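Written out below as structure tokens is the structure these notes cover.
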Amino acid sequence: MSKEYKYIGKGVPRIDADLKVTGQATYVGDMSFPGMLHAKMLISPHAHAKIKKIDTSKAKALDGVAAALTGEDLDYQVGLYMVDKTILAREKVRYHGEPVAAVAAETLEIAEKAVKLIEVEYEELKPLLDVEEAFNEKANLIHPNLGSYSHVQTAFFPKPGTNICHHSKIRRGDIDKGFQEADVIVEREYNNPSVQHVPMETHGAIVQWGIGDRVTIWTSAQSPFTVRNLFCHTFKLSHHQVRVIVPYVGGGFGGKAGIHLEPLVGCLSRATGGRPVKLIATRKEEYNTLPCRCGLKYKIKTGLMKDGKIVAQKLTLLWSAGAYADYAVNVTRASGYSAGGPYFYPNISTDSYTVYTNMVFGTAYRGFGHVELFWGLERHMDYCARELGIDPYEFRMKNLLKPGDITPTGEKLKDDSGDIRKCLNAAAKEIGWDGVKSEQQRIKEMQSGKVRGKGFAVLHKAPAMPTNTSSSCVIKMNENGSVILNISATDYGNGTYTPMAQIIAEEMDIPLDKIHVAYETDTDRDPYDWQTVASRFAPMGGRAVINACNDLKRKMSEVAAKVFECSPDDFIFQDEKIIHKSDPQKFIYYDKLATGYVYPNGNAIGGPLIGVGVYMAEGLTHLDKETGQGLPAFNWTYGAHAIEVEVDVETGEFTILKIASALDVGKVLNYESLKGQVIGGIIQGLGTAICERYVYDNKGRLLNNSFTDNKIPTAKDIPLEIVPIFIETPHDEGAYGARGAAEHPMISVAPAIGNALRDALGIELTEMPIRAEDVWKALKEKELVFEPATV
Amino acid sequence: MNPQQFKIASYINNILSQKRKSRYYVHSTFERVVNYTDGDSFISITDSAIPVTPSSVSLNDSNLFNLIRTQSNSEAVFNLSYPILYSQETSLSFLNSDIVDTKIDSLTLPSKIQIEKFVITILSHTRSQKGVIQIFHQKNDDIFSKKFSEILASLKENILDNDPDRFEKGINKLAGLGNGLTPSGDDFIYGLYAAIRTFSFKPEFAKKIEYIIDNGKTVFGDISYNFLKSLRDGHIYIPLKKLFRLLSSNSGCEEAIDDLIKYGLTSGTDILAGVMFALEA
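Given below as structure tokens:
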């Protein structure tokens with residue numbers, strides 16, 4: 023029986039809710055400083071063009087303009103894993119929306135007027151808009167200097183002389199032999215377009231480049247220490263010279279994980295003699311200039327035995343990075359080692375490529391490549407099952423991973439690795455899965471004008487992170503025994519801070535209303551944390567918080583041991599008191615220890631109580647360049663989505679009647695918060711499944727850079743019934759056994775819809791999004807569509 | 075077939091006729107094959123140059139061999155220097171046959187470069203072969219080839235124009251075109267349809283072929299009808315499946331092409347022609 027906790031697992035309301043709903047939470051856009059200037063960017067109207075001439079003289083001459091910069095003024099290279107980007111375009115532009123110049127002025131209106139006065143002469147070049155075309159070794163080069171770019175050499179492998187900025191391989195078993203042995207081979211291509219993160223708050227930064235190159239950055243970012251690190255690398259500054267402050271953040275979904283506007287705003291500040299400069303991206307710029315989710319085209323080839331066993335799987339993934347590598351190379355890497363999904367393969371071969379194209383560059387996005395990957399993978403598994411004439415549920419159950427199995431990178435799964443079977447079983451049961459619909463039944467239902475279908479899709483994901491990823495925190499006890507937690511994980515809407523408070527409450531037995539998690543992370547004052555990405559903070563950051571509590575308790579025990587002349591091991595912590603185990607009459611309230619214990623005679627011992635906690639995932643390794651063998655994953659979170667849809671056969675419109683999301687989260691830390699993540703994730707997953715996508719014209723110009731043309735889900739799209747199901751197979755390393763579950767709720771929503779639509783109508787869709795018109799079109803064509811025979 | 079062989083063939087025919095209590099008549103005669111029919115079933119007597127075909131069962135592998143040996147009371151038949159092939163009922167099911175696989179692969183269309191290489195390989199291996207393939211070697215000097223050539227040109231246009239209805243009419247013209255148990259037109263359709271099925275393209279055209287097969291008992295040759303029907307039901311000729319796998323994985327296809335060419339007198343090359351036509355179109 024699992025342990026009963028006082029705070030852990032309870033549906034504690036979000037600790038920041040009041041401030042947010044009353045508008046008291048302060049975001050970068052709300053901030054203003056004396057003498058602050060406003061910035062505006064001039065963006066490229068072309069997807070690929072040489073910059074022949076830029077003239078900023080008219081802009082500079084405008085009253086109120088303090089600085090106007092072009093790429094020629096800024097000879098710096100920026101990059102996260104691959105240093106391939108300049109702050110403003112130099113010599114040529116590589117995507118429609120790339121900033122080519124920027125202005126800082128007294129008001130935003132003046133800045134907007136000034137950028138219009140900048141004259142740029144371009145010579146258009148042919149853009150590469152198709153990832154397959156760009157992948158071709160004979161294609162024109164978007165980055166001819168790829169070979170000279172510095173990059174993280176242990177993880178990324180560019181191919182100079184091509185547009186391939188990374189190639190990730192996985193090789194396990196004998197793939198050729200596997201296919202030779204297969205009774206049947208099933209191969210199909212899948213496609214995903216780029217989409218926007220659409221955070222409520224767009225990117226924004228204020229930077230003051232002060233005297234002595236001391237720089238202060240206020241930014242809407244997920245990872246203050248990453249911003250500081252990359253900023254320092256770009257400008258060759260020491261880390262102590264740069265201070266990054268992240269106030270409340272209105273959503274990120276991965277789009278704010280790296281560094282974006284900060285270097286440009288810093289340069290504008292420096293050019294104005296150190297005045298603070300503010301730049302807030304418009305929604306159009308958020309679509310056009312800031313990064314999006316990468317596009318993906320891929321082919322899956324599966325060798326199957328007639329009994330339903332998978333014997334070989336070959337995957338070829340072409341990730342469209344857009345103009346710059348940013349996070350795309352790591353998305354490629356992570357999706358590469360994860361590409362098989364939670365299935366066992368005796369023989370597998372994966373080639374995952376990051377390819378430059380002349381489109382908006384891609385970055386991290388909730389799911390980190392897995393939403394795109396699982397769309398095809400889980401549609402494919404249904405397809406395989408159908409080709410074999412096996413129920414897709416049974417087919418999956420035959421092949422899903424279990425403890426003792428070896429993953430494609432050579433990791434042996436353990437009992438604490440999670441239970442994918444339980445997830446699939448729970449989700450399928452929730453929608454009442456009773457087998458695939460027969461054609462006769464389908465025809466019968468179609469006569470009524472509405473057809474229902476059921477489908478499901480499994481998922482897995484591990485945090486994609488460096489081998490030395492770590493978190494740290496400080497807990498300071500106040501005079502009244504309340505505590506303040508300083509961490510550098512940012513709560514950008516994901517609700518991370520509330521479970522951290524619960525952990526302190528549980529460990530210290532302090533009421534929640536006496537725990538404050540300090541918002542506004544500050545690299546000068548808060549301890550280091552890698553990044554708030556990858557669904558890793560609850561399990562890993564939570565461990566750091568537990569360790570900090572233990573440190574605090576150790577220090578309290580040492581003082582109490584002196585007071586009661588006993589061993590520091592003799593105490594328990596309960597009801598804000600440190601109590602002697604065998605003599606409960608001996609106790610001290612926390613507040614009496616907070617700043618040092620004072621004896622009746624006035625003598626004092628101890629001192630201010632500060633607990634320090636760190637946690638690092640140990641034992642991870644780099645992956646072998648040629649085979650991908652190694653240990654990349656801190657843990658895997660498994661899950662499954664099951665969906666029932668109803669389709670109007672006249673219009674193709676479909677309603678999601680029910681969606682069940684079953685995740686093996688290890689341990690629920692905060693039920694309400696997790697439920698919120700699941701509902702939010704499902705709706706974001708729906709967006710990607712049913713409406714969102716970037717549309718370019720044949721010159722590479724983004725046509726739908728607004729909410730008018732690029733639809734995101736609204737209230738009417740929300741499923742009638744959402745059922746979150748949490749399986750708890752504790753993970754040995756996670757806080758209280760918890761695993762990350764922030765990204766997972768959106769990962770396999772799209773393929774579950776695709777599979778449900780296949781069940782309802784017998785239509786095959788391989789490209790996202792699935793809009794009503796796509797369903798209608800497929801339905802109209804279905805009369806002509808070849809139906810594979812089954813035995 | 076020399077007079078001696080023909081005599082032996084006739085002898086076997088007599089035995090079989092006694093067994094079935096019906097008379098077999100010569101259905102068609104080729105250089106190395108004589109086909110007999112009694113209206114419901116076929117017997118093919120071939121010489122040693124013709125290997126076992128999907129539509130036939132070797133006497134050496136069947137109970138019929140024992141039957142013949144017993145009834146003939148002689149070892150003479152057994153010692154024939156060429157195989158004797160016997161095809162079963164025309165309603166022969168390929169379900170339990172070891173020459174077809176009950177699973178058709180579903181592969182993605184090979185790249186243009188791969189297809190070009192494949193076509194070159196086929197052409198280089200079939201220069202001396204007869205049948206439809208000669209058209210692809212630009213040899214259409216006989217009436218049969220001319221007729222075939224016209225139909226194929228028209229079919230190609232129909233595919234390019236995305237006109238499944240006219241395509242259906244063209245396929246109807248091909249069905250049954252040629253001689254023998256498996257006329258070249260039927261084999262060509264087999265190759266064409268197998269390629270469309272395996273590589274999942276032109277579904278609307280596949281649908282048309284399926285319609286013709288479903289209603290084609292009297293249109294196709296009796297054996298090829300069953301062979302096509304089995305493909306329609308998801309059972310594919312194994313050497314062809316192997317060829318598609320190699321093609322899909324960008325591996326060398328020479329050996330597989332040669333294996334297919336060996337099938338029948340021209341059936342293998344006719345099937346290959348159908349495959350080539352489908353992929354090029």
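Taken in order, these protein sequences are the chains called B and L.
Here the working numbering is used: the first residue of the first sequence is 23, the next is one more, and so on.
Here the working numbering is used: the first residue of the second sequence is 75, the next is one more, and so on.
Heads up, the beta-carbon is just placed ideally off N, CA and C, and yes, glycines get one too.
Values in this document were obtained by computation on a predicted structure and should not be read as measured data.
In the three-state DSSP reduction, residue 683/B falls in the strand class (E or B).
Cβ atoms of residue 61/B and residue 301/B come within 8 Å of each other, at about 4 Å.
Residue 227/B is bridged by DSSP to 241/B, 301/B.
Exclusion of the five residues before and after residue 538/B leaves 506 as the residues of its chain whose Cβ lies within less than 6 Å of its Cβ. At a cut-off of 8 Å between beta carbons, residue 237/L makes no contact with chain B.
Chain-order list of chain B residues neighbouring residue 319/L: 201, 207, by C-beta distance under 8 Å. At a cut-off of 8 Å between beta carbons, residue 180/L contacts chain B. Contacts with chain B at 8 Å (Cβ-Cβ) include residue 177/L. For the segment 303-327 of chain L, the beta-carbon criterion of a distance under 8 Å to any beta-carbon of chain B is satisfied by 306, 307, 308, 319, 322, 323. Residue 782/B carries a helical assignment under DSSP once its states are collapsed to helix, strand and coil.
About 6 Å separates the CB atoms of residue 296/B and residue 231/B; that is less than 8 Å, so the two are in contact.
In terms of Cβ geometry, residue 584/B and residue 627/B form a close pair [threshold 8 Å]. The shortest C-alpha to C-alpha distance from residue 612/B to any of 502/B, 151/B, 557/B is the one to 502/B.
In this structure, the CA atom of residue 654/B is about 7 Å from the CA atom of residue 645/B. Taken atom to atom, the span from the alpha-carbon of residue 291/L to that of residue 246/L is near 12 Å.
Within the segment 182-194 of chain B, not one residue has a Cβ closer than 7 Å to any Cβ of chain L. Within chain L, the residues whose beta carbon sits less than 8 Å from that of residue 211/B are 182, listed in sequence order. Between residue 409/B and chain L, the shortest Cβ-Cβ separation is below 8 Å. Considering only 118/B, 173/B, 98/B, the residue with the shortest C-alpha distance to residue 104/B is 173/B. Residue 661/B and residue 518/B have their C-alpha atoms roughly 21 Å apart.
If you look at residue 269/B, you'll find it isn't in any beta strand (DSSP E); DSSP assigns it neither H nor E.
If you ignore the 5 residues before and after residue 694/B, its C-beta comes within less than 6 Å of the C-beta of 33, all in its own chain and listed in chain order. Around the Cβ of residue 641/B, a 10 Å sphere holds fewer than 16 other Cβ atoms; the residue is exposed. By a beta-carbon distance limit of 8 Å, residue 210/B does not contact residue 176/L. Their separation comes to about 20 Å. Distance from the CA atom of residue 756/B to the CA atom of residue 121/B, rounded to whole angstroms, is 42 Å. In the structure shown, residue 408/B falls within a helical segment according to DSSP collapsed to helix, strand and coil. Sixteen is the threshold: since fewer than 16 other Cβ atoms of the shown chains lie within 10 Å of the Cβ of residue 183/B, the residue is exposed.
When secondary structure is reduced to three states using DSSP, residue 187/B falls in the strand class. Looking at the DSSP output, residue 375/B sits in a beta bridge with 189/B, 340/B. Between residue 297/L and the set 342/L, 256/L, 232/L, the nearest pair of CA atoms involves 256/L.
As computed with DSSP, residue 665/B is found in a beta bridge with 477/B, 681/B. In the DSSP annotation of this structure, the continuous segment of the beta strand (DSSP E) that includes residue 495/B starts and ends at 492-499. The criterion of a C-beta distance shorter than 8 Å is not satisfied by residue 759/B and residue 650/B.
Ranking 261/B, 259/B, 142/B, 267/B by CA distance to the CA of residue 238/B puts 267/B first.
The secondary-structure analysis by DSSP pairs residue 593/B across a beta bridge with 602/B. Residue contact with chain L for residue 114/B: absent (no Cβ-Cβ distance below 8 Å to any residue of chain L).
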